[in-house]
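In terms of my numbering, the sequence shown has 85 at position 85, counting the first letter as 1, and numbering is strictly consecutive. Glycine residues also receive a C-beta, built at the ideal position from the N, C-alpha and C atoms. The structure appears below as structure tokens.
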Amino acid sequence: MNLKVFLQYILPHRALSRLVYWATRWRFGPWKNWLIGTIVRNYQVDMAEAAQPDPRAYEHFNAFFTRVLKPGARQADADPSSVLSPADGRISQSGAIADGRIFQAKGQSYTAAELLGDESAAAPYRNGRFVTVYLSPRDYHRVHMPLSGTLTETVHVPGRIFSVAPFAVEAIPRLFARNERLVCHFEGEHGPFAVVLVGAILVSSVSIVWDGLVIPPYAPGIRRKSFAGRNIRLERFAEMGRFNMGSTVILLLPDTGAPLDPLTPQQPIKVGQRLGQM
């Protein structure tokens, strides 16, 4: 085990995340301007896409990190039956769910039931399809709807807050099923689908459009919230949430007989880009 992986097991994940949560909201000008400038330079962030292109104009680092894009900066695939990428980033993995198991990397896998925190909720995806998108610090960090759907339930699953960078994904068994995460269940035209927002070290923080900030607080146990009968419907390509610092989005789809498009690991992807057919 190399040092980077070893540190993932011994670092105080939640303490560090709480510290960074505070630091990324500090409005002290020299601090936030230095931090934003460092990320823009080191990760070559394209500020021309942002509704506010001036990095110094953001009130704090998190406002920059969750920045809004200019109208038209992202477009939904023109085919209304196509499944859209829910996030900017890179494809970590994608493909078929084999008898309930989802491929992670290099011989690592985990079950849909582990990811969702519920055996019965995983049943529709037993032989379905999945797409995992990794968001780096340079990416747009708002998450959009891959399909139109009605929200039925959210499940806040407690866990660790390992890094979701490629080195950790390749080395830490069942990483996505171990990290703190928010599972969003929807019912669409062709059946259920799930969008899972997986937290990561520095910071595991998630906001959603219908409930605001949901992580933190961190969950001491599984927390379910039913939205049955509340008629919360989000249209395809609409914003559904955001990461306050980066992480990973996992999309689960049932088996409808339509394969995903060929997607290769580390392939760049943008919100609204076609992933396949439903």
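Which term fits residue i, buried or exposed, when burial requires 16 or more other beta carbons within 10 angstroms of its beta carbon?
i: residue 81; result: exposed
i: residue 217; result: exposed
i: residue 256; result: exposed
i: residue 8; result: buried
i: residue 54; result: exposed
i: residue 1; result: exposed
i: residue 182; result: buried
i: residue 15; result: exposed
i: residue 98; result: exposed
i: residue 248; result: buried
i: residue 24; result: buried
Helix, strand or coil: which one does DSSP assign to residue i?
i: residue 7; result: helix
i: residue 317; result: Residue 317 lies beyond the range of the chain shown here (1 to 278); nothing can be said about it.
i: residue 173; result: coil
i: residue 35; result: helix
i: residue 20; result: helix
i: residue 13; result: helix
i: residue 245; result: coil
i: residue 134; result: strand
i: residue 40; result: helix
i: residue 113; result: helix
i: residue 47; result: helix
i: residue 192; result: strand
i: residue 95; result: strand
i: residue 62; result: helix
i: residue 220; result: coil
i: residue 340; result: Lying outside 1 to 278, the shown extent of the chain, residue 340 is not represented and no answer is given.
i: residue 200; result: coil
Give the single residue among the options whose Cα lies nearest to the Cα of residue i.
i: residue 88; options: 269, 16 and 112; result: 269
i: residue 253; options: 160, 36, 188 and 3; result: 188
i: residue 177; options: 21, 68, 162 and 39; result: 162
i: residue 186; options: 131, 149, 117 and 265; result: 149
i: residue 159; options: 127, 275 and 114; result: 114
i: residue 223; options: 51, 93, 116 and 251; result: 116
i: residue 174; options: 133, 103, 214 and 53; result: 103
i: residue 250; options: 135, 170 and 261; result: 135
i: residue 277; options: 19, 50, 119 and 129; result: 129
i: residue 70; options: 50, 40, 221 and 35; result: 50
i: residue 235; options: 147, 193, 263 and 226; result: 147
i: residue 131; options: 219, 20, 91 and 221; result: 91
i: residue 212; options: 193, 220, 239 and 194; result: 239
i: residue 264; options: 157, 137, 197 and 94; result: 94
i: residue 3; options: 171, 72 and 20; result: 171
i: residue 219; options: 180, 195 and 196; result: 180
i: residue 64; options: 11, 137 and 79; result: 137
Looking only at its chain, what residues have a beta carbon closer than 7 Å to the beta carbon of residue i, apart from the 5 residues adjacent to it on each side?
i: residue 66; result: 141, 142, 242 and 244
i: residue 33; result: 56
i: residue 17; result: 161, 201, 202, 203 and 204
i: residue 225; result: 153 and 154
i: residue 267; result: 90 and 91
Less than 8 Å between C-beta atoms, sequence neighbours within five positions excluded: which residues of the same chain meet that for residue i?
i: residue 272; result: 74, 75, 76, 77, 84, 85, 144 and 237
i: residue 228; result: 152 and 153
i: residue 27; result: 59 and 60
i: residue 47; result: 40, 53, 54 and 55
i: residue 30; result: none
i: residue 214; result: 154, 156, 182, 206, 207 and 208
For residue i, which residues of its own chain have a beta-carbon under 6 Å away from its beta-carbon, when the five flanking residues on both sides are left out?
i: residue 210; result: 232
i: residue 139; result: 88 and 89
i: residue 258; result: 277
i: residue 190; result: 256 and 278
i: residue 119; result: 113
i: residue 35; result: 61
Discussion item. Assess contact between the stretch 195-208 and the stretch 107-114, defined as three or more Cβ pairs (one per stretch) separated by less than 8 Å. Is contact present?
Written reply: no
Item to complete: Taking 8 Å as the threshold, find out whether the stretch 118-131 comes into contact with the stretch 166-179 through three or more Cβ pairs.
Response: no
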